[in-house]
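Numbering (the working numbering), first residue to last: 6 to 112. Glycine included, each C-beta is placed from N, C-alpha and C at the ideal position. Only a predicted model underlies this, so the values are computations on that prediction, with no experimental measurement involved. Contents: one structure, followed by commentary.
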Amino acid sequence: MSKKKIYNKRLEKGKFYTVNRHPGLIVLKNDKKNIYIAVITGTSQHRHQTKLKHPTETKVKASFVNNRPVQGKRKHFGSRELVGMKIHHDDRITIKIIKRRKPIKLK
Numbered sequence: 006m007s008k009k010k011i012y013n014k015r016l017e018k019g020k021f022y023t024v025n026r027h028p029g030l031i032v033l034k035n036d037k038k039n040i041y042i043a044v045i046t047g048t049s050q051h052r053h054q055t056k057l058k059h060p061t062e063t064k065v066k067a068s069f070v071n072n073r074p075v076q077g078k079r080k081h082f083g084s085r086e087l088v089g090m091k092i093h094h095d096d097r098i099t100i101k102i103i104k105r106r107k108p109i110k111l112k
């Protein structure tokens, strides 16, 4: 039987972490139940994404956000916070609408 992976750092709500190699903003967390819900962002537009009014980083021309949040366990999230990423004040309404939707569960 394999050993259980031990995570030293707890994730913080409102911070960006990698979620399966994509940057994601944690909007809801429950450390005891090991449930984390995040809104995934990206730099290229696809069918199920919405364009944000302002980019999340300074080096990027445009940022997009998935229309549904994702629900995962601690193993799906990276350990380090992504420094320099933030949601602009004008885009917070969009994030608030998206985080209320039914999340996609990660396997």
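C-alpha gap between I100 and V44, whole angstroms: 8 Å
Write down every uninterrupted run of the beta strand (DSSP E) in the segment 14–54 whose length is 3 residues or greater and which is fully enclosed by it, in chain order. 21–24, 27–35 and 40–47
Could you tell me the alpha carbon to alpha carbon distance between V24 and D95, rounded to whole angstroms? 24 Å
Would you identify the three-state DSSP class for K56, choosing helix, strand or coil? strand
Once the 5 residues before and after F69 are set aside, which same chain residues still bring their CB inside 6 Å of it? G47, Q50, Q54 and K56
Hey, could you find the ends of the beta strand (DSSP E) F82 is sitting in? No beta strand (DSSP E) holds F82; DSSP gives it neither H nor E.
Based on the DSSP secondary-structure assignment, which residues constitute the bridge partners of I116? Because the chain is modelled from 6 through 112, residue 116 falls outside the range shown and cannot be assessed.
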